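The structure appears below as structure tokens.
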Amino acid sequence: MPLVHSIRPNGHLARAAIRLSSLRCSPGAYISPPGRYSSSYAHLNAELTSRRLPLIFDYLSPQNSHLLDVSLADYLPQGSSRPSHYLPPASEANLLPFGHHLIYFPPPKTGSQLLPDGMDPDQSPGEPFVRRMWAGGHVRYNPDQTLQVRLDGKPHVCVEGIRDVSVKGKEGDEK
């Protein structure tokens, strides 16, 4: 359950402003050869939900969000607002737009620390699920304006966790 927190000047975490919760893992399976692995994956739920993921820190600058708006502008309906080519002033400290949480908090990993497909190993369920699909999560934005995450250039921290794991499919074709 990723949570995004503001970091106060004294170094303490402020109350959660965004909550990405109930992340459900439905890993797409690549099983070779079929039937080689047990159909009991109960250990995945216990292992993944107890996994302590590292804190990820980031400065929430408006730059990343602005560049995402510019990148997507040609693919959005004509009625959508068109971004300016100029960076919005940081003094406005706009709220983090819906969906933009995905462009902040990249895992601080070197290339050699990633899996061959670029996946963060901290998020991987492991063998035999080498082709993964994460689905069923949701994002809750705090309605309290004083607690919402702003693009103010200040440091924030993302706290992640996995709340539930669901393995689907018939024996030998688990996903």
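When you read off a place in the sequence shown, starting at 1, and then add 49, the result is the number in this note's numbering.
From the three backbone atoms N, C-alpha and C, an ideal C-beta is built for every residue, glycine too.
Bear in mind the structure is a predicted one, so any value in this text is a computation, not a measurement.
{"query": "Check: glycine 160 C-beta below 7 Å from any heavy atom of the ligand MG", "result": "Absence of the ligand MG is noted for the structure shown, with no ligands found whatsoever."}
{"query": "Extent of the continuous beta strand (DSSP E) to which aspartate 107 belongs", "result": "105 to 108"}
{"query": "Length of the line joining the Cα atoms of leucine 125 and serine 173", "result": "32 Å"}
{"query": "Rounded straight-line distance, which links the Cα of leucine 117 to that of arginine 137", "result": "Note on residue identity: the sequence assigns proline, not arginine, to residue 137. Rounded to the nearest angstrom, the two C-alpha atoms are 13 Å apart."}
{"query": "Coil, strand or helix - proline 204 by DSSP", "result": "strand"}
{"query": "Per-residue burial, histidine 205 [other beta carbons within 10 Å of its own, 16 or more giving buried]", "result": "buried"}
{"query": "Three or more C-beta pairs below 8 Å linking the stretch 163 to 171 and the stretch 107 to 116", "result": "no"}
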